[in-house]
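All remarks here apply to the structure that follows.
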Amino acid sequence: MTNATGPTERPRILLIGANGQVGWELRRTLAGLGEVIAASIEGGYGPIVDLIDQGLLAKLIQDSRPDAVVNAAAYTAVDKAETERAIAQRINADAVGELGALLAARGTPFIHYSTDFVFDGTSDRPYRETDTPNPLNVYGETKLGGETALLASGAPTLIFRTSWVYGSRGANFLLTMLRLFKEKDELRVVDDQIGSPTWSRMLAEVTALVLYRVLRGDLDLKAVGGLYHLTGTGEVSWYGFAKAILERSGLDCHLIPITSVDYPAPAKRPAYSVLDNAKFRETFGLWMPHWRESLEQCLELIPPSGT
Ligand SMILES: NC(=O)c1ccc[n+]([C@@H]2O[C@H](COP(=O)([O-])OP(=O)(O)OC[C@H]3O[C@@H](n4cnc5c(N)ncnc54)[C@H](OP(=O)(O)O)[C@@H]3O)[C@@H](O)[C@H]2O)c1
61 MTNATGPTER PRILLIGANG QVGWELRRTL AGLGEVIAAS IEGGYGPIVD
111 LIDQGLLAKL IQDSRPDAVV NAAAYTAVDK AETERAIAQR INADAVGELG
161 ALLAARGTPF IHYSTDFVFD GTSDRPYRET DTPNPLNVYG ETKLGGETAL
211 LASGAPTLIF RTSWVYGSRG ANFLLTMLRL FKEKDELRVV DDQIGSPTWS
261 RMLAEVTALV LYRVLRGDLD LKAVGGLYHL TGTGEVSWYG FAKAILERSG
311 LDCHLIPITS VDYPAPAKRP AYSVLDNAKF RETFGLWMPH WRESLEQCLE
361 LIPPSGT
């Protein structure tokens, strides 16, 4: 299927979770690589896939005969997961392990995403892939379960741990802030959690650049497969991120920095979850831009009335 100049037939790429923040961007960025089979829970763009349904996964793989699979679906409701452990476990861990086993049997490359929330936030430097995870919440535990199950499945896989994902579409901090700036004169934002905002579009662009090389046979996942940290460069608190959004939005709102103690939530969050991207850069020769640069580009895509 591959010769010295790349694939001889149009590769079939199964995208799972095609209607999420990252999935929606992947529909576009993967389209240049081959035929994208865009599966989602709603089924609007292609086949329906519900990761809760065990029987569906084998059928989906069998019917779509993919040359590669990208899974952007996940149970991402961090607070709700505290009371819905079984569902989060099924979607984020068990289903990912099952997909891994199905793809291991076929030798099909599998790209999957995980999270900074696998860490407890006590580090005094950006987390590396070799650091020991210790999730503080159910979401983090189940995502870590997915990583472990996938790595154990023997599938040729790349797992990209990312963080603080936002974009021009979906439920995210950027769009929430833009809406609240219009609705409120004053807003209290947590200033003691530090992380790296990641634009969903950049994540999708870089994923496609890596998958291109995998499909061409330029990257051997037996050699380079495994866990990678992949986030926007730089770090900031939620308050700092909100301030940067406000400055560029032209809107008016009084921002007040608060502590996590003043903003209780069902799920605990790490105080510091910056991920070191060095392994990704050195392996693939690709860089994620600084979060401020991506934020500016993303804001250009959002019409003033679009929030
Ligand atoms: N968002 C973040 O800040 C963040 C941070 C770190 C890592 N990540 C990881 O990055 C990846 C992409 O996240 P995202 O931000 O794009 O999340 P998202 O916008 O919440 O998208 C997740 C998608 O998964 C779908 N989904 C949920 N349950 C499903 C099921 N049972 N079967 C099939 N699809 C299902 C959702 O559909 P519905 O919306 O209809 O439920 C949604 O379209 C995930 O692996 C996530 O864990 C995200």
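The opening residue of the sequence shown carries number 61 in my numbering; numbering runs sequentially from there.
Glycine included, each C-beta is placed from N, C-alpha and C at the ideal position.
Taking V129 as reference, the option from R145, A78, Q149 with the minimal CA-CA separation is A78. Between the segment 191-200 and the segment 297-313 there are fewer than three C-beta pairs closer than 8 Å, too few to call the two in contact. Looking at the backbone, the Cα of L271 and that of D322 are separated by about 43 Å. W347 sits exposed, since fewer than 16 C-beta atoms from the chains shown fall within 10 Å of its C-beta.
Annotation for I73: the continuous beta strand (DSSP E) segment containing it runs 72-76.
CA-to-CA, the gap between Y299 and T68 works out to about 50 Å. For W224, the three-state secondary structure derived from DSSP is coil.
In the same chain as A331, and ignoring 5 residues on each side of it, the C-beta atoms closer than 8 Å to its own belong to G181, T182, D252, Q253, I254, S320, in chain order. Taking a cut-off of 8 Å for Cβ pairs, the segment 259-279 and the segment 344-361 touch, as three or more such pairs fall below it. CA-to-CA, the gap between G115 and L211 works out to about 22 Å.
Here the C-alpha atom of N131 lies approximately 27 Å from the C-alpha atom of E356.
The bridge partners DSSP lists for R248 are I316.
At a Cβ-Cβ threshold of 8 Å, P216 and G167 count as neighbours. For I108, there is no enclosing alpha helix (DSSP H), since its DSSP letter is neither H nor E. If you compare the alpha carbons of H172, T236, A134, H289 with that of T190, the shortest gap goes to H289. No Cβ-Cβ contact shorter than 8 Å links P71 with L235. Sorting D176, I362, I219, T208 by C-alpha distance to the C-alpha of G285 places I219 at the top. When DSSP states are grouped into helix, strand and coil, S124 belongs to the helix group. In terms of side-chain proximity, the C-beta atom of Q149 is found no nearer than 7 Å to any non-hydrogen atom of ligand 1.
Closest in C-alpha terms to S297, from the list L311, D280, I316, comes I316. Of the candidates G83, D123, K203, the residue whose Cα lies closest to the Cα of L162 is D123. Assignment of E353 by DSSP, reduced to helix, strand and coil, places it in the helix class. When DSSP assignments are scanned along the segment 145-233, the uninterrupted stretches of alpha helix (DSSP H) that are 4 or more residues long and fall wholly within it turn out to be 145-149, 155-166, 198-213. When C-beta atoms of the segment 102-109 are compared with those of the segment 144-152, fewer than three pairs fall below 8 Å, so the two segments do not count as touching. Annotated three-state conformation of A99 is strand, per DSSP.
Selection Q81, R273, L269 evaluated against S223 yields Q81 as nearest (Cα-Cα).
In this structure, the beta-carbon distance from A268 to L90 falls below 8 Å.
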